[in-house]
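Trainee: Next up is a structure, given as structure tokens.
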Amino acid sequence: MSQQKIYAALDIGSSAVKVLIGEVSNGQLHVIGDGYAQSSGVKKSAIVDIEATVQSIKRAVESAERMTNIKINDVILGIPANQIALQPAKGVVAVNSENKEITDEDLQRVMDSAQVMSIPPDRELVNLIPRQFIVDSLSEIQDPRGMMGVRLEVDATLITTSRTLGHNLMRCVERAGLNIREIVLQPLAGGQLALTDDELNQGTAYIDIGGGSTTVAFFENGILQQTAVIPVGGDHVTKDLSIILKTTTEAAEQIKYQYGHAYFEEASDTELFEVPVVGADSKDQYSQKYIAEIIGFRLAELFDMVLDELGRMGVQDLPGGIVLTGGMAKLEGIAQLARQVMQTRVRVYTPDYIGIRDPGYTTSVGLIHFMADQDAFFGEQAMTPIADPAEPYDGETWGQDPTDGEFDDDVDDKSNKKNKDVKSKVKSFFSKIFE
Ligand SMILES: Nc1ncnc2c1ncn2[C@@H]1O[C@H](COP(=O)(O)OP(=O)(O)OP(=O)(O)O)[C@@H](O)[C@H]1O
Ligand SMILES: [Mg+2]
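The number in this note's numbering is simply the position in the sequence shown, starting from 1, with 42 added.
As structure tokens, then:
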């Protein structure tokens with residue numbers, strides 16, 4: 043049966059807010075349109091100005107709506123990896139039905155039981171990702187429904203973020219008039235899109251170089267193992283250029299786009315261009331090789347920091363190499379420089395869809411893929427997900443630990459409400475199961 047669904051992804055970055063609208067039909071994504079607005083309220087991936095961010099989101103959404111003539115109500119929201127914690131979680135239940143065949147409901151209960159564990163009050167649940175199901179003693183099961191057993195277990199990864207960061211992000215999206223259909227960790231969505239199955243299994247670093255930050259994510263055995271965020275990105279390169287070339291930020295950004303090169307050895311010394319000097323009527327002339335040295339210096343330092351982060355994660359070896367993406371991955375020579383500094387295989391990932399061939403959109407495309415995969419796995423039938431009203435965020439109860447109510451005075455009321463909210467959060471994630 044052919045199924046078509048329309049999804050909208052929202053990526054709130056330090057450089058830009060991006061909205062991507064895609065239709066998924068028979069497992070294939072077709073990009074319908076996108077919206078883009080400069081981001082002025084986000085620094086190093088964290089929201090520092092709610093009002094400015096709300097305005098940027100509205101502008102990006104409006105431009106996507108104008109382009110596609112589709113009204114966006116619900117979005118899949120990417121959450122940055124700053125202050126993210128990944129921890130293993132385990133759930134165990136007895137299979138309910140008399141004939142001991144595992145049903146949707148058993149799956150729901152085992153996922154529920156995996157998250158009923160202590161999340162500190164300053165943390166919020168983002169995603170609960172099942173790694174494997176175990177039926178009696180049979181492990182490595184991807185989908186236990188329909189199998190027979192007495193005991194159903196799940197090994198999962200619990201992803202949490204800081205309450206403040208999550209709150210600010212959700213507040214902005216709600217104030218822009220949008221419902222949040224699902225929240226997904228950005229490098230989880232991007233990595234699962236950009237990496238091949240072999241890379242996901244073998245031990246591979248996914249590196250997203252954005253404007254204000256660089257995200258490092260390590261995948262192995264098919265799952266996201268660790269993430270880190272380095273507060274350095276393309277904006278630092280632009281700033282270096284503007285200082286050294288004594289020009290404005292706008293001119294430096296323009297030069298980076300037009301003549302930028304990261305690899306000194308391959309940059310041209312005959313390609314010359316003029317740069318307006320701040321506070322003077324004159325222009326100075328430079329070669330691509332000259333700016334490649336400036337750009338390469340900053341990026342080599344960044345790649346050293348990436349290696350340090352991988353070392354801190356305990357990563358000894360990268361059999362799958364490195365996959366680079368993010369807006370800065372468009373820079374010529376960046377893969378060569380990364381190879382030289384990090385001494386391993388490096389490739390650049392660029393999403394390849396009509397209308398979107400841009401590594402700056404890897405996160406957005408990944409968000410749609412992630413959600414479409416979830417819907418396919420759990421069999422959701424709805425045809426118009428982005429038009430569905432979702433439960434609005436009330437600023438208090440997003441994904442809280444049902445057990446943390448015991449420290450409150452009004453335990454009964456609050457913990458009941460929280461319990462329901464955890465359910466509704468998971469419900470949106472595993473939507474079909476809860477119907
Ligand atoms: N063609 C290009 N050549 C060189 N640099 C580019 C090009 N296109 C975009 N960039 C740079 O990529 C960066 C923006 O990347 P991206 O859109 O991935 O960032 P973001 O997601 O908004 O930020 P972050 O992920 O840090 O929050 C900017 O520094 C921009 O100058
Ligand atoms: Mg980004």
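Glycine included, each C-beta is placed from N, C-alpha and C at the ideal position.
How would you write the range of the beta strand (DSSP E) that S204 sits in, first residue to last?
Mentor: First-last of the beta strand (DSSP E) with S204: R193 to S204.
Trainee: Quick one: grab the DSSP three-state call for S466.
Mentor: Residue placement at S466 is flagged as unreliable, the pLDDT there being 38, under the threshold of 50; a coordinate-derived value is accordingly withheld.
Trainee: Tell me M190's beta-bridge partners as DSSP assigns them.
Mentor: M190 pairs with E143.
Trainee: Consult DSSP for A123 and reduce its assignment to one of helix, strand or coil.
Mentor: A123 falls in the coil class under three-state DSSP.
Trainee: Given this structure, state the Cα-to-Cα distance separating G368 from S56, to the nearest angstrom.
Mentor: Looking at the two C-alpha atoms, the distance is approximately 12 Å.
Trainee: Taking K217 and V96 to be in contact with their CB atoms under 8 Å, please state how far apart those CB atoms are, rounded to whole angstroms.
Mentor: Note that residue 217 is Arg in the sequence shown, not Lys. Right, their Cβ atoms sit about 5 Å apart.
Trainee: Out of Q129, L266 and V279, point me to the one whose CA is closest to K298's CA.
Mentor: Taking only the C-alpha atoms, the option nearest K298 is V279.
Trainee: Ignoring anything shorter than 3 residues or poking outside the segment 298-344, list the beta strand (DSSP E) runs there in chain order.
Mentor: 314-318 and 325-329, all fully within the segment 298-344.
Trainee: How close, in whole Å, do the beta carbons of K137 and D148 come, if the pair is a contact with beta carbons under 8 Å?
Mentor: Sequence check: residue 137 is Val here, not Lys. That belief holds up - the Cβ atoms of V137 and D148 are roughly 5 Å apart, short of 8 Å.
Trainee: Taking C-beta to C-beta, are D250 and T386 nearer than 9 Å?
Mentor: Cβ distance not < 9 Å, so D250 and T386 don't count as in contact.
Trainee: Measure the CB-CB distance between G252 and G275 and report whether it falls below 9 Å.
Mentor: The answer is yes: Cβ separation under 9 Å.
Trainee: With distance defined between alpha-carbon atoms, name the residue in K47, I118 and N111 nearest to D53.
Mentor: It is I118 whose Cα lies nearest to the Cα of D53.
Trainee: By a C-beta neighbour count over all protein chains shown, 10 Å radius and 16 as the cutoff for buried, is I48 buried or exposed?
Mentor: By the neighbour-count rule (16 or more Cβ atoms within 10 Å), I48 is buried.
Trainee: Can you tell me the Cα-Cα spacing of S181 and V196, whole angstroms?
Mentor: Computed Cα separation, rounded: 9 Å.
Trainee: I'd like the span of the beta strand (DSSP E) that includes E104, first residue to last.
Mentor: From DSSP, E104 is part of no beta strand (DSSP E) but of the alpha helix (DSSP H) over I92 to T110.
Trainee: Is the Cβ-Cβ distance between I201 and L227 less than 9 Å?
Mentor: Cβ atoms of I201 and L227: closer than 9 Å.
Trainee: Just reading off the alpha helix (DSSP H) that E376 is part of, what are its end residues?
Mentor: In the sequence on display, residue 376 carries Ile and not Glu. I376 to M384 is the extent of the alpha helix (DSSP H) around I376.
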